[in-house]
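*Asks:* Can you read through this structure? Questions will come right after.
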Amino acid sequence: MLTKWLKVSQYTVVLTGAGMSTESGLPDFRSAKAGLWSKKNPQQLASTFALKHNRDDFISFYQYRIRTLHECKPHLGHMILAKWQKRGIVQNIVTQNVDGFHKQAGSENVIELHGSLRTIHCQRCHQVYDSDLYIHEQFHCTCGGFLRPSVVLFGESLPTDAIEQAWSVAQKAELLIVLGSSLQVSPANQLPLLAKRNGSKFVIINMEPTELDEWADVVIHHRKIGDVLREIDEQLKVEE
Ligand code: APR
2 MLTKWLKVSQ
12 YTVVLTGAGM
22 STESGLPDFR
32 SAKAGLWSKK
42 NPQQLASTFA
52 LKHNRDDFIS
62 FYQYRIRTLH
72 ECKPHLGHMI
82 LAKWQKRGIV
92 QNIVTQNVDG
102 FHKQAGSENV
112 IELHGSLRTI
122 HCQRCHQVYD
132 SDLYIHEQFH
142 CTCGGFLRPS
152 VVLFGESLPT
162 DAIEQAWSVA
172 QKAELLIVLG
182 SSLQVSPANQ
192 LPLLAKRNGS
202 KFVIINMEPT
212 ELDEWADVVI
222 HHRKIGDVLR
232 EIDEQLKVEE
């Protein structure tokens with residue numbers, strides 16, 4: 002069914018979450034066992050509060066995430082999405098992920114709702130640097146300001162241009178597919194319902210149940226995203 006919808010849809014949007022990158026070796030946040038937030042408190046580590054009042058733990062947390070990011074790379078699933086985008090099977094990728102793997106895999110016009118861990122920027126003068134400075138223990142700008150990761154922290158709003166782009170493509174979608182998200186975080190989790198309200202089909206591929214399963218036309222649980230995408234890609238090739 003999903004293969005047929007992908008072929009018929011004139012405008013397909015893919016919304017990815019952290020589950021898209023676990024097969025690359027990056028932990029997600031809310032998986033029952035391995036999720037980062039099952040062991041750590043996001044408010045103590047990834048929030049405006051932590052940036053201001055818990056600076057040492059904030060820095061260690063993001064050093065860990067930036068280090069693991071540099072040790073991992075996109076997997077086959079990211080490559081398949083990039084290929085489908087080039088072939089016009091998928092029009093847009095909207096991601097909650099900050100790992101930059103969709104771009105590294107060759108996807109273009111990726112809408113990064115929560116920013117990117119590939120860069121850090123000065124809180125004072127906004128100068129942008131490569132995030133590997135954190136691995137080399139460099140936390141201050143030449144102007145003296147503190148360098149923070151260019152990601153959306155809990156307590157911050159999303160970049161307006163990313164929101165506008167994401168809302169615009171979701172309204173045009175004839176098919177919206179969620180890959181690897183618990184859909185617990187707003188406003189990203191509003192996109193599927195916005196698309197559905199505009200007549201889009203809505204598919205969820207996620208290992209565990211999500212907040213929006215009841216609204217989806219098709220739900221695929223207990224399957225790895227990489228395996229499902231590879232199978233669909235094979236079916237698309239066969240039907241060429
Ligand atoms: N295949 C399919 N599903 C998977 C896989 C996989 N290989 N690996 C993990 N999953 C599923 C998990 O079952 C989980 O439900 O992906 C989902 C990931 O959900 P979260 O960890 O909540 O990640 P996400 O939805 O992206 O979180 C949204 O929360 O902490 C913030 O800013 C952070 O962008 C993040 C936001």
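Heads up: the sequence shown runs through residues 2 to 241, numbered per our numbering.
The beta carbon of each residue, even a glycine, is placed where N, CA and C say it ideally should be.
Could you give the C-beta distance for Leu16 and Ala189, rounded to a whole number, given that I count them as a contact under 8 Å?
*Replies:* Sequence index remark: in the sequence shown, residue 16 carries index 15 (1-based). Sequence index remark: in the sequence shown, residue 189 carries index 188 (1-based). Right, their Cβ atoms sit about 7 Å apart.
*Asks:* Do you know whose CA, among Leu27, Phe59 and Thr96, lies nearest His71's CA?
*Replies:* Here residue 71 is taken as the residue at index 70 of the sequence shown, counted from 1. Of the candidates Leu27, Phe59 and Thr96, the one whose C-alpha sits nearest the C-alpha of His71 is Leu27.
*Asks:* Check whether the stretch 166–180 and the stretch 193–206 are in contact - that is, three or more C-beta pairs closer than 8 Å.
*Replies:* yes
*Asks:* Under the criterion of a Cβ to heavy atom distance below 6 Å, does Asn207 qualify as lining the ligand APR?
*Replies:* Here residue 207 refers to the residue found at position 206 of the sequence shown. Indeed, a heavy atom of the ligand APR lies less than 6 Å from the Cβ.
*Asks:* Pick out the complete beta strand (DSSP E) segments inside the stretch 72–121, 3 residues or longer, and give them in chain order.
*Replies:* Residue ranges of uninterrupted beta strand (DSSP E) with 3 or more members, entirely inside the stretch 72–121 and ordered along the chain, are 93–96.
*Asks:* How about the stretch 88–107 and the stretch 10–25: do they share at least three Cβ pairs that are nearer than 8 Å?
*Replies:* yes
*Asks:* Do the stretch 36–48 and the stretch 147–160 make contact, defined as three or more Cβ pairs closer than 8 Å?
*Replies:* A contact exists between the stretch 36–48 and the stretch 147–160.
*Asks:* Could you pull the start and end residues of the alpha helix (DSSP H) that Thr161 belongs to?
*Replies:* The residue given as residue 161 occupies position 160 in the sequence shown. The continuous alpha helix (DSSP H) containing Thr161 extends over residues Thr161 to Lys173.
*Asks:* Buried or exposed: where does Ser182 fall if 16 or more other Cβ atoms within 10 Å of its Cβ makes it buried?
*Replies:* By one-based count along the sequence shown, residue 182 stands at place 181. Buried, because 16 or more other Cβ atoms sit within 10 Å of the Cβ of Ser182.
*Asks:* Check the DSSP bridge columns for Cys123 and list the partner residues they point to.
*Replies:* As a position in the sequence shown, residue 123 is number 122, starting the count at 1. Bridge partners of Cys123: Leu148.
*Asks:* Should Lys225 be counted as a contact of the ligand APR given a C-beta to heavy atom distance under 6 Å?
*Replies:* Counting from 1 along the sequence shown, the entry for residue 225 is found at position 224. Indeed, a heavy atom of the ligand APR lies less than 6 Å from the Cβ.
*Asks:* How about Leu176 and Leu114: are their beta carbons less than 7 Å apart?
*Replies:* Looking up residue 176 in the sequence shown gives position 175. Looking up residue 114 in the sequence shown gives position 113. A distance of 7 Å or more separates the beta carbons of Leu176 and Leu114.
*Asks:* When the Cα of Asn110 is compared with those of Gln166, Val229 and Gln124, which residue comes out closest?
*Replies:* Along the sequence shown, one-based indexing puts residue 110 at 109. Residue Gln166 is the option with its Cα nearest to Asn110.
*Asks:* So, does the stretch 222–235 touch the stretch 60–74, judging by three or more C-beta pairs under 8 Å?
*Replies:* The stretch 222–235 and the stretch 60–74 do not touch, with fewer than 3 CB-CB distances between them shorter than 8 Å.
*Asks:* Just to confirm, are Ile206 and Val186 a CB contact at a threshold of 7 Å?
*Replies:* Working through the sequence shown from its first residue, we reach residue 206 at position 205. Working through the sequence shown from its first residue, we reach residue 186 at position 185. Not in contact: Ile206 and Val186 (Cβ atoms no closer than 7 Å).
*Asks:* DSSP on His222, reduced to helix/strand/coil?
*Replies:* Against the sequence shown, residue 222 aligns to sequence position 221. In the structure shown, His222 falls within a coil segment according to DSSP collapsed to helix, strand and coil.
*Asks:* Just to confirm, is the Cβ distance from His79 to Ala35 under 7 Å?
*Replies:* Within the sequence shown, numbered from 1, the residue matching residue 79 stands at position 78. Within the sequence shown, numbered from 1, the residue matching residue 35 stands at position 34. No, the Cβ-Cβ distance between His79 and Ala35 is not below 7 Å.
*Asks:* If you measure from the beta carbon of Thr13 to each beta carbon in chain B, is any gap under 7 Å?
*Replies:* Absent here is chain B; the protein component of the structure consists of one chain.
*Asks:* Taking the continuous alpha helix (DSSP H) assigned at Leu1, which residues delimit it?
*Replies:* Residue 1 is absent from the model: the chain starts at 2 and stops at 241.
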